[in-house]
Amino acid sequence: MSAQCEITAKVAAGAPMSVFERYLTVWVFLCIVVGIMAGQVAPSLFQAIGHWEVAQVNLPVGLLIWIMIIPMLVKVDFSALHEVRQHVRGIGVTLFINWLVKPFSMAFLGWLFIRHLFAPLLPADQLDSYIAGLILLAAAPCTAMVFVWSRLSNGDPLFTLSQVALNDTIMIFAFAPLVAFLLGISAITVPWDTLFTSVFLYIVIPVIIAQVWRKALLAKGQAAFDAAMEKIGPWSISALLATLVLLFAFQGEAILKQPLIIALLAVPILIQVFFNSSLAYWLNRVVGEKHNVACPSALIGASNFFELAVAAAISLFGFESGAALATVVGVLIEVPVMLLVVKVVNGSRGWYEQGLKVPATEIR
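Taking the working numbering, the leading residue of the sequence shown gets 7, the next gets one more, and so forth.
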């Protein structure tokens with residue numbers, strides 16, 4: 007293992023769950039209330055903000071998204087890519103879930119629930135947009151919070167690092183084609199230039215900035231890196247919450263008219279999380295992977311890079327779109343649902359290891 011990779015693994019293994027992260031659902035609910043109230047009190051202000059655009063990119067949102075995403079990407083160590091061979095089975099299972107099962111299963115669940123089962127209860131003109139938001143949510147594997155989930159489940163930090171680095175590398179090239187394909191088979195048209203612009207603005211540029219910043223911080227030593235991570239963490243969460251306030255200021259009217267929308271959109275997301283985490287966990291057991299690899303594999307397979315999904319939804323469909331609202335529902339339920347998955351994988355360790363064809367000395 008490289009020295010840089012080892013340092014980052016230690017950081018990932020010991021990173022505590024902050025107050026903001028632990029109570030993210032509470033903050034999102036507060037953003038819903040504040041955003042809806044602000045949108046009703048000062049609608050002209052938010053309409054003006056919505057028109058601050060250059061080349062179809064909303065400038066306030068673009069800035070907030072960068073503040074939100076870049077600190078998370080600073081934690082990603084792309085030098086860990088060479089470590090993927092250490093856990094080929096776990097890596098293979100996670101890639102299968104992340105890039106083949108999860109996006110396609112969400113497209114199916116969106117079609118089933120939004121276009122058919124729940125269609126009479128939802129605005130007819132937003133059905134396609136809701137499905138698009140669900141697809142965007144499922145198309146990008148989680149980058150930041152998985153370090154927290156891995157630590158809480160006693161996961162192998164090096165596996166988590168290498169898997170995140172590999173997923174982020176794939177995401178640069180696969181996110182746009184995958185989203186375009188799934189939207190296409192769902193009969194939803196999205197301009198390719200807008201989609202690629204979103205990828206360039208919200209994936210490629212942030213990755214470059216984050217990695218340059220990361221190298222500069224590590225050059226000053228581990229203490230400087232740790233201090234910087236502690237300082238910029240709250241900025242990332244604050245930018246997310248500010249984005250949500252803006253979004254709900256635009257969405258308030260629709261939510262007040264049909265408050266059940268959020269609950270209905272949560273159904274396919276919940277099913278997808280439990281299905282994908284269970285499948286990844288079981289497949290790791292079948293192939294004989296260790297429990298401390300199966301846990302982060304299941305959690306990475308189930309969670310989403312919701313910050314990117316929110317950014318892409320706003321860029322592609324706008325603040326007032328059903329797509330933007332659908333991605334925010336993912337933010338709303340992320341923490342409590344993933345904590346439940348953590349509890350399940352921790353509590354089922356005995357069952358898991360009974361079925362392993364791995365010598366007991368290898369199980370840690």
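The beta carbon of each residue, even a glycine, is placed where N, CA and C say it ideally should be.
Does the beta-carbon distance from L36 to A315 come in below 7 Å? no
Taking the C-alpha atoms as reference points, what is the distance between L346 and I275? 14 Å
I'd like to confirm the pairing. Which residues does DSSP put opposite P212 in its beta bridges? Answer by DSSP bridge pairing: none, since P212 is not bridged.
Assigned exposure category for E89 - 16 Cβ within 10 Å defines buried: buried
Pick helix, strand or coil for N104, following the three-state DSSP scheme. helix
Please return the same chain residues whose Cβ sits closer than 7 Å to the Cβ of A138, not counting the five positions on each side in sequence. L189, I194, F323 and A329
Close beta carbons around I339, own chain, < 6 Å, minus the five adjacent residues each side: A272
Does the beta carbon of G328 fall short of 6 Å from some heavy atom of the ligand MN? The ligand MN is not part of the structure shown, which contains no ligands of any sort.
Can at least three beta-carbon pairs, one atom from the region 277–287 and one from the region 149–158, be found at a separation below 8 Å? no
So A319 packs on S327, CB below 8 Å; how close in whole Å? 7 Å
Note down, in chain order, each residue of its chain lying with its Cβ closer than 8 Å to the Cβ of S111, except the 5 sequence neighbours on either side. A144, Q278, F281 and N282
If I'm right that L252 touches G41 with Cβ under 8 Å, what's the distance once you round it to whole angstroms? 7 Å
Apply the 10 Å Cβ neighbour rule to K263 and answer buried if 16 or more other Cβ atoms are within range, or exposed otherwise. exposed
Grab me the residues of A44's own chain with a C-beta within less than 6 Å of its C-beta, minus the 5 sequence neighbours each way, in chain order. A255
Kindly give me the distance between the Cβ atoms of Q92 and L172, rounded to whole angstroms, as I take these residues to be in contact under 8 Å. Q92 to L172, Cβ: 12 Å. No contact.
Just tell me which of R291, I73 and W105 has its CA closest to the CA of G307. W105
Within the region 137–188, note down every full beta strand (DSSP E) run reaching 3 residues or more, in order along the chain. none
With 16 other CB atoms within 10 Å as the buried threshold, where does G356 fall? exposed
In whole angstroms, give me the CA-to-CA distance for F5 and A180. The structure shown does not extend to residue 5, since the chain is modelled only from 7 to 370, so the question has no answer here.
How big is the Cα-Cα spacing for I55 and F325? 10 Å
Using the Cα positions of N64 and S321, report the straight-line distance between them to the nearest angstrom. 7 Å
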